[in-house]
Amino acid sequence: LLSSMPGCAVTEVEIDGVLHEYSSKEGVQEDILEILLNLKGLAVVIEGKDEAMLTLSKSGAGPVTAADITHDGDVTIMNPDHVICHLTGNNDVSMRIRVERGRGYVPASARAQTEDDDRPIGRLLVDSSFSPVARIAYNVEAARVEQRTDLDKLVIDMTTNGTIDPEEAIRRSATILAEQLDAFVELRDVTETAPVEEKPEFDPI
1 LLSSMPGCAV
11 TEVEIDGVLH
21 EYSSKEGVQE
31 DILEILLNLK
41 GLAVVIEGKD
51 EAMLTLSKSG
61 AGPVTAADIT
71 HDGDVTIMNP
81 DHVICHLTGN
91 NDVSMRIRVE
101 RGRGYVPASA
111 RAQTEDDDRP
121 IGRLLVDSSF
131 SPVARIAYNV
141 EAARVEQRTD
151 LDKLVIDMTT
161 NGTIDPEEAI
171 RRSATILAEQ
181 LDAFVELRDV
191 TETAPVEEKP
201 EFDPI
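Using the UniProt record's numbering, the letters of the sequence shown correspond one by one to residues 1 to 205.
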C-alpha cells in the first residue's frame, strides 16, 4: 500500500525571478524551500497521460492556493484549499509546475543524475512522493458470528490524499501481492543429478 500504489506528484518547478531553491522572492512571505515543500502537498489526478504542466499566476496581497492553478481538463486538483504561499503588498508570483505519474518515493538527486547537463537554470527539482497513501495501520480483533467466537477480524486504518479510493487501494495492493506470491504456487521439485566423471577410453600408459 505504501510502496506500490501509483500516483501523481510535483517533480519540477520554475518560478519567475528565482534561480535556485536557496533564495527568496520579493513580495512572497515564504522562502523558496518552503514553497517547494508546500507544492509537494498538492494532491493531483491526471487522466489519460503520464505528465502535465500546470501554471500559476497570482497578484495582490493574500494567500496563494491550489485553486489559483491553471490546468487542462484532464487534470484534477483534489485539495484546492491547499496553501502554497502568501503574497505581501501589491506583488505577484508566477510559476510553472510539472506533475508526473509514478510509484514510491523518488528524490530529486536521483533524477538530477539522469537529467541532461543543459537543464535550464531556474528549473527546480522536487523530491517526489507518488504514493497516494499517507498512513496505514492494521489491527486484528476478535470477532463473533452467531455462536462462533473463535474468529478474527482484520481492521485496516488508512489515510489517503484523496486521489484514490481506499477500497480500490486495498484491491490493487491485494492483486499485486497475489501476483508476487503466484511464483511460489508453481514450485516444482528439481532433482539434481550427480556429475559423472568421464574416464578416458584407453590408458595411455
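C-beta atoms are modelled at their ideal positions from N, C-alpha and C, and glycine is treated no differently.
The structure presented is a predicted model; accordingly, all values stated were derived computationally and were not measured.
query	result
Under 8 Å Cβ to Cβ from Glu21, same chain only, skipping five residues before and after it: list those, please.	Ile32, Leu33, Leu36 and Leu124
CB-CB under 8 Å to Asn38, same chain, minus the five flanking residues each way: which ones, in chain order?	Glu30, His82, Val83, Ile84 and Cys85
Quick check on Glu192: does DSSP put it in helix, strand or coil?	coil
Among Asn91, Gly48 and Ser94, which one has its Cα closest to the Cα of Asp72?	Gly48
Rounding to the nearest angstrom, what Cα-Cα distance links Glu12 and Lys153 in this structure?	44 Å
With DSSP as the reference, please indicate the residues paired to Ile156 in a beta bridge.	Tyr138
What residues in its chain sit with their C-beta under 7 Å from that of Gly122, if we drop five residues either side in the sequence?	Glu14, Val18 and Leu19
Confirm, please, whether the CB-CB distance from Ile136 to Leu1 is below 7 Å.	yes
According to DSSP, is Pro166 part of a helix, a strand, or is it coil?	helix
Is the distance from the Cβ of Val75 to the Cβ of Ile46 below 7 Å?	yes
If contacts are defined as beta-carbon pairs under 8 Å, then Pro61 and Pro80 qualify, I think. What distance do you get, rounded to the angstrom?	The question names Pro, but residue 61 is Ala in the sequence shown. Actually they do not touch by this definition, with Cβ atoms about 20 Å apart.
With a 10 Å radius around its C-beta and 16 neighbouring C-beta atoms as the bar for buried, classify Thr160 as buried or exposed.	buried
What is the rounded straight-line gap between the Cα of Glu51 and the Cα of Ile170?	25 Å
Which word fits Val185, buried or exposed, when buried means at least 16 other C-beta atoms lie within 10 angstroms of its C-beta?	exposed
My guess is that Ser131 and Asp92 are in contact by the Cβ rule of under 8 Å, so how many angstroms apart are they, rounded?	Wrong, their Cβ atoms sit about 34 Å apart, outside the cutoff.
For Val140, collect the residues of the same chain with a Cβ closer than 8 Å to its Cβ; drop the 5 residues on either side in sequence, then sort them by chain order.	Asp152, Lys153, Leu154 and Val155
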